[in-house]
Amino acid sequence: MFFAGLFAMYFTLRSTSGEMWAEETAKLNFPFALVNTIVLVASSFTCQMGVFAAERLEPRRRGGAFQFTRWGMNEWFILTFIMGAFFVAGQTTEYAMLVSEHVSLSSNAYGSAFYITTGFHGLHVIGGLIAFLFIIGRAFAAKKFGHFEATSAIVTSYYWHFVDVVWIGLFLVIYVLK
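Just so you know, the working numbering puts 21 at position 20 of the sequence shown, and the rest follows in order with no gaps.
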C-alpha cells in the first residue's frame, strides 16, 4: 500500500507538471539505470537458487567454488547480496549524477517525486541486504541446518522478490514512460 501511495503521488505530480517532467526526465541516464535494473532482477534468480538449496537443506556448497550446481544457500545468498549492494551503489552514483545536473529532492516536484520513490525503494533494498546477512549468519551459526532456517530463507526471498517487482514498476514508470 505504501508503494501504491508513492506511485499515486508520482502520477499526480506528473499530470500537473508535464513540461517540467519532460525537461527533468531528459537528464536520466537510461542505459545506466537499465544495467542497474538488470543486476537487481538477476539477483531474484540467484536468490531463488539459494531458496532451492535451502529447501534441500544445503546451507553450503558440496563441491568446488565454480561448480554452481553444487552451491548451497549461503553461496547463492552471498551472490544475491553482492548484486543488491551493486544496485544500491548504482543508485547512489545516479543520485550524484543527477545532483550535478541540479536535480535534487528540493529542486522541484520532479526531484521530490524521483528521490522519494527511488529512495524508499533503496531503503527497502538495504533492509533486504541486512536480512540476507542475518540468514547467512544464522546458517553459519546453526549446529544443524533444518526447516526452521530454511523457512527463514524462504521468507526473506519473498521480501526480496517483492522489492524486485516494485523496482520493475518504478523503472517502467520513471525511465521508460518518462
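All C-beta atoms in this analysis are idealised placements derived from N, C-alpha and C, irrespective of residue type, glycine included. Here the structure is a predicted model, which means the values were calculated and not measured.
- In this structure, A54 places its C-beta atom within 8 Å of the C-beta atom of W77.
- Under a 10 Å Cβ-count criterion, Y159 is classified as exposed, with fewer than 16 other Cβ atoms of the shown protein chains found around its own Cβ.
- Annotated three-state conformation of W77 is helix, per DSSP.
- Apart from sequence neighbours up to five positions away, the residues of its chain that approach M10 with a beta-carbon distance below 8 Å are A114, I117 and T118, ordered along the chain.
- One thing to note: T81 has its Cβ within 8 Å of the Cβ of C48.
- Excluding sequence positions up to five before and after V126, its CB lies within less than 7 Å of the CB of G85, F88, V89 and V164, all in the same chain and listed in chain order.
- Excluding sequence positions up to five before and after Q92, its CB lies within less than 6 Å of the CB of G123, all in the same chain and listed in chain order.
- A Cβ-Cβ separation of about 19 Å leaves G120 out of contact with W161 under the 8 Å criterion.
- Residue burial is scored here from C-beta neighbours: V104 has at least 16 other C-beta atoms within 10 angstroms and is therefore classed as buried.
- For N37, the enclosing alpha helix (DSSP H) stretches over residues F31 to E56.
- A straight line joining the alpha-carbon of F33 with that of V100 spans about 16 Å.
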